[in-house]
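Participant:
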Amino acid sequence: MNISLIDLTLCFICFASAATAQPQLPAQYPNQLTRDGNIVVLPDHGTAYIVSDLHAHWDDFNQWLQLTKLVERIQADEDVYGLILGDAIDYKPDEPKHPPYGDTLIVDRIMELQRQLGDKGERIIYLRGNHEFAATDAYAMLKRQGMTARSQEHFIRLLYESPLGAYYKQFNFIERMTDTHYEFLMNLPTVVVGKNGFVGVHGGPGRFVTSLADLVNPNPKTLEELLWHRPEIAYSGGYTLTHIKNFLEAIHGNILIVGHTPIHYFPKRNVRDGIATFGESQLIFSTGYSGRPGIPAYIEIDLAETYPSVNALKLGTNIHHLYSETRKPKSD
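Going by mature numbering (1 follows the signal peptide of the UniProt record, and there is no 0), the letters in the sequence shown line up with residues -21 to -1, 1 to 311, in that order.
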């Protein structure tokens, strides 16, 4: 059989294209925790314990670790994962800074645990939120302008006194951020996908996502939607039920779990058990900063199960309040 040089060249091109093509489906990834750019893919087994919007609430972070025994169970090689859906940093302007370095403590503890646990440390997954994105962006801007560790306080004071100061004060982790924090936060993933259909991001669905490949290195518009957008029921011009449906279908997901949008933005009919739902496929919650009627909570997902709807997630089984009462105990 004669094979021409052209045929060989075409075969090589086809092989190279197949070898470098991005997976389009969760099933095309190995059945184990896998990082691919901005995506983390979880297997079809194990349990994920999810928090969101800690916003420097150091006590709430530790309460989650204590209730789930997450670190001890990872050390014992149990099939468990801890997932933080972004916004662990920055004090909200209407809350006291207690403790004064709560977000620093959280970020440092996450980095420490990931180091201490070695290869198992990847089971503590910290996704980027809009606050991680904006704080690192502001920090990089100040560094470009000449900020050093010694002049950090001076540069930030000038920033806060500028016409855009009110905006930048929202991202006050820049007051405590170091170059080490910056490098860590810049490397955070943005999306987590379970092989049985669970999807987690900070804000909302990407409207123009056609496959998982679009999330490996999302374009600026998609990244903005994943981190910043809120549902139309809570925010004029926000995403719709159709956007959620299209997003989940594109990446073969069933349910979408997010933080970002305060629970009090939602009509009462959308709130149950301290969390909110938007349609059949989206659950919204908060662990740290959570205006009533939201209740600080964490979510438990059985990765071996395919949930047909967020309504299948039940209080006490999947929805866990961080404290036994409907509001947290007062800090000392």
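Glycine is no exception: its CB is placed at the ideal position from the N, C-alpha and C atoms.
Using CA atoms only, rank isn't needed, just tell me which of Gln124, Ala117, Leu33 and Arg123 is closest to Ile89.
Facilitator: That would be Leu33, whose Cα lies nearest to the Cα of Ile89.
Participant: Would you list the one or two residues that DSSP bridges to Phe257?
Facilitator: Partner(s): Gln261.
Participant: Give the straight-line distance between the Cα atoms of Gly216 and Asp87, rounded to the nearest whole angstrom.
Facilitator: Rounded to the nearest angstrom, the two C-alpha atoms are 37 angstroms apart.
Participant: For His239, does the count of other Cβ atoms within 10 angstroms reach 16, so buried, or fall short, so exposed?
Facilitator: The residue is buried, with at least 16 neighbouring Cβ atoms inside 10 Å.
Participant: Can you list, in chain order, the residues of its chain whose CB lies under 6 angstroms from that of Leu4, leaving out five sequence neighbours each side?
Facilitator: So the qualifying residues of the chain are His231.
Participant: Starting from Gly236, follow the beta strand (DSSP E) in both directions and report where the run begins and ends.
Facilitator: One point to set straight first is that residue 236 is Ile, not Gly, in the sequence displayed. Ile236 -> beta strand (DSSP E) spans Ile234 to Val237.
Participant: So, do the region 202 to 209 and the region 106 to 116 have three or more beta carbon pairs nearer to each other than 8 angstroms?
Facilitator: Judged by Cβ distances under 8 angstroms, the region 202 to 209 makes contact with the region 106 to 116, as three or more pairs qualify.
Participant: Could you give the DSSP three-state label for Pro5: helix, strand or coil?
Facilitator: Helix at Pro5.
Participant: Sort Leu282, Asp281 and Ile223 by Cα distance to Thr256 and report the nearest one.
Facilitator: For the residues Leu282, Asp281 and Ile223, the minimum Cα distance to Thr256 belongs to Ile223.
Participant: Residues in the same chain with beta-carbon distance under 6 angstroms from Thr13, minus the five sequence neighbours each way, listed in chain order, please.
Facilitator: Only Val20 meet the Cβ criterion.
Participant: Using the three-state DSSP reduction, which class does Phe112 fall into: helix, strand or coil?
Facilitator: DSSP places Phe112 in helix when its eight states are reduced to three.
Participant: Would you call the region 22 to 36 and the region 128 to 143 in contact, with 3 or more CB pairs under 8 angstroms?
Facilitator: No: the two stretches stay apart, fewer than three of their Cβ pairs being nearer than 8 angstroms.
Participant: Specify, as a first and last residue, the run of the alpha helix (DSSP H) that Thr47 falls within.
Facilitator: Segment Trp37 to Thr47, the alpha helix (DSSP H) holding Thr47.
Participant: What ranges does the alpha helix (DSSP H) occupy inside the region 128 to 210, keeping only unbroken runs of at least 4 residues that lie completely in it?
Facilitator: Entirely contained in the region 128 to 210, the alpha helix (DSSP H) runs reaching 4 residues are, in chain order, 131 to 139, 144 to 147, 158 to 165, 192 to 195 and 199 to 207.
Participant: Can you tell me where the alpha helix (DSSP H) holding Gly81 begins and where it ends?
Facilitator: From DSSP, the alpha helix (DSSP H) with Gly81 extends over Gly81 to Gln95.
Participant: Candidates Pro72, Tyr146, Tyr105 and Gln93: which alpha carbon is nearest Met165's?
Facilitator: Checking every option, the nearest Cα to that of Met165 belongs to Tyr105.
Participant: Name the DSSP beta bridge partners of Glu279, please?
Facilitator: Tyr28.
Participant: On the premise that Ile242 lies in contact with Tyr286, defined as a C-beta separation below 8 angstroms, what is that separation, rounded to the nearest angstrom?
Facilitator: Not quite, the Cβ-Cβ distance comes to about 21 angstroms (not below 8 angstroms), so this is no contact.
Participant: State the DSSP-derived secondary structure class of Gly217, mapped to helix, strand or coil.
Facilitator: Of the three classes helix, strand and coil, the one that applies to Gly217 here is coil, per DSSP.
Participant: By how many angstroms is the C-alpha of Tyr214 removed from the C-alpha of Ile53?
Facilitator: Near 39 angstroms, if we compare the C-alpha coordinates of Tyr214 and Ile53.
Participant: Could you name the residues of the same chain whose beta carbon sits closer than 7 angstroms to that of Thr266, not counting the 5 residues immediately before and after it, in chain order?
Facilitator: Excluding residues within five positions, the ones whose Cβ falls inside 7 angstroms are Val30, Ser31, Asp32, Leu33, Asp39, Trp43, Pro275, Ala276, Tyr277 and Leu301.
Participant: What are the boundary residues of the beta strand (DSSP E) that residue 317 is part of?
Facilitator: Residue 317 cannot be examined here, being either before or after the span of the chain that is shown, -21 to 311.
Participant: How many whole angstroms separate the CB atoms of Ile18 and Val170, which I take to be in contact at a CB cut-off of 8 angstroms?
Facilitator: Right, their Cβ atoms sit about 5 angstroms apart.
Participant: How many angstroms separate the CA atom of Asn209 from the CA atom of Gln93?
Facilitator: According to the sequence as given, residue 209 is Arg; it is not Asn. Whole-angstrom Cα-Cα distance: 31 angstroms.
Participant: For Ala117, count the other beta carbons within 10 Å of its own beta carbon; 16 or more makes it buried, fewer makes it exposed. Which is it?
Facilitator: Looking at its Cβ environment, which holds 16 or more other Cβ atoms inside 10 Å, Ala117 is buried.
Participant: What's the gap between the Cα of Ala55 and the Cα of Gln1?
Facilitator: Approximately 34 angstroms between the Cα atoms of the pair.
Participant: Is DSSP giving Leu227 helix, strand or coil here?
Facilitator: Three-state result, Leu227: helix.
Participant: With a Cβ-Cβ cutoff of 8 angstroms, do Arg155 and Tyr80 count as a contact?
Facilitator: Yes; because the gap between Cβ atoms is below 8 angstroms, this pair is in contact.
Participant: Considering only their Cβ atoms, is the gap separating Arg102 from Val59 smaller than 8 angstroms?
Facilitator: Yes.
Participant: Quick check: the Cα distance between Asp82 and Phe152, rounded to an integer number of angstroms?
Facilitator: About 7 angstroms.
Participant: Just verifying my parser: in three-state terms, what is the DSSP assignment at Ile68?
Facilitator: DSSP places Ile68 in coil when its eight states are reduced to three.
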